[in-house]
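Residue numbers for the sequence shown follow the numbering used here, so the first one is 16 and each next one is one higher. Report on the structure given below.
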Amino acid sequence: MNESEVNGLAVAVGRIEEGMKNLNDKMDRVIAQGDQHANTLSEHDTRLAVLESKQQPKVHWLTILVGIVAVAGFALAIFDRLYVG
Numbered sequence: 016m017n018e019s020e021v022n023g024l025a026v027a028v029g030r031i032e033e034g035m036k037n038l039n040d041k042m043d044r045v046i047a048q049g050d051q052h053a054n055t056l057s058e059h060d061t062r063l064a065v066l067e068s069k070q071q072p073k074v075h076w077l078t079i080l081v082g083i084v085a086v087a088g089f090a091l092a093i094f095d096r097l098y099v100g
């Protein structure tokens with residue numbers, strides 16, 4: 016091999032190394048960005064869980080009405096058994 020071929024190969028290897036370095040840098044940035052997104056999603060999930068835990072459960076008004084009527088009916092039945100009948 017003559018000197019010009021060696022220089023050409025050295026230049027080609029240098030370009031390949033530089034390309035690999037740039038590719039590794041881009042991969043590192045993508046991985047860091049992915050980690051940042053994962054952390055953000057985790058924070059949002061935590062906030063959502065806290066907000067859901069603070070929210071009072073919703074009970075339909077008919078459920079409360081049926082419960083009151085049932086308790087009143089039971090109380091009247093007990094009263095009727097014990098004092099009237």
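A virtual CB, placed ideally from N, CA and C, is assigned to each residue, including glycine.
State the start and end residues of the unbroken alpha helix (DSSP H) segment that holds residue i.
i: residue 75; result: Element bounds for residue 75: n/a, residue is neither H nor E.
i: residue 96; result: Here residue 96 belongs to no alpha helix (DSSP H), and DSSP marks it neither H nor E.
i: residue 70; result: Residue 70 -> no alpha helix (DSSP H), and no H or E assigned at all.
Taking the alpha-carbon positions, what's the residue i to residue j distance?
i: residue 36; j: residue 46; result: 15 Å
i: residue 97; j: residue 74; result: 34 Å
i: residue 23; j: residue 31; result: 12 Å
i: residue 40; j: residue 71; result: 49 Å
i: residue 25; j: residue 19; result: 10 Å
Is the Cβ of residue i closer than 7 Å to any Cβ of chain D?
i: residue 52; result: Given the protein chain composition of this structure (a single chain), no chain D is represented.
Going by Cα to Cα distance, which pick from the options is closest to residue i?
i: residue 76; options: 69, 60 and 84; result: 84
In chain order, what residues of the same chain lie with their CB nearer than 8 Å to the CB of residue i, ignoring the 5 residues before and after it?
i: residue 55; result: none
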